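Undergrad: Residue numbers (the numbering used here): 1 to 73.
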Amino acid sequence: MNNFSGSISSPVYVTSSNVNSILIIQLSYDDVEQGELVTLIGSHNGIEIAVNGANTQQQLGINWGDHLTISLS
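1) With distance defined between alpha-carbon atoms, name the residue in 49, 58, 53 and 54 nearest to residue 15.
2) So, are the CB atoms of residue 74 and residue 19 less than 8 Å apart?
3) Quick one: measure Cβ to Cβ for residue 37 and residue 51, integer angstroms, because I've assumed they're closer than 8 Å.
4) Between the C-alpha atoms of residue 31 and residue 64, what's the straight-line distance to the nearest angstrom?
5) Within its chain, find whatever has a CB closer than 7 Å to the CB of residue 10; leave out the 5 residues flanking it on each side and keep chain order.
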């Protein structure tokens with residue numbers, strides 16, 4: 001998702017077959033504890049979803065090519 005136009009406090013809904021999370025956009029990885037799911041605005045103005053300090057793919061049980069649905073609002 002590029003050219004995000006929401007705000008830092010916007011909720012982001014992330015769903016897939018193994019994931020069902022509501023996240024608040026953070027300013028940095030340090031805003032969440034190690035091992036927690038985080039979403040932030042990347043340097044190219046897109047939404048990034050990661051697990052702080054861990055392998056996101058392994059932590060979420062997703063594989064390359066799996067579909068995530070990202071919704072705002």
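Glycine residues also receive a C-beta, built at the ideal position from the N, C-alpha and C atoms.
Remember, it's a predicted structure, so these values are computed and weren't measured experimentally.
TA: If we stick to the structure as given:
1) Walking along the sequence shown from the start, residue 15 turns up at place 15. Comparing Cα positions, the closest option is 49.
2) Only positions 1 to 73 of the chain appear in this structure, which leaves residue 74 out of reach.
3) Working through the sequence shown from its first residue, we reach residue 37 at position 37. Working through the sequence shown from its first residue, we reach residue 51 at position 51. Yes, residue 37 and residue 51 are in contact; Cβ-Cβ is about 6 Å, under 8 Å.
4) Locating residue 31 in the sequence shown gives position 31, where the first residue counts as 1. Locating residue 64 in the sequence shown gives position 64, where the first residue counts as 1. Whole-angstrom Cα-Cα distance: 27 Å.
5) Taking the sequence shown and counting its residues from 1, the one referred to as residue 10 is at position 10. So the qualifying residues of the chain are 25 and 72.
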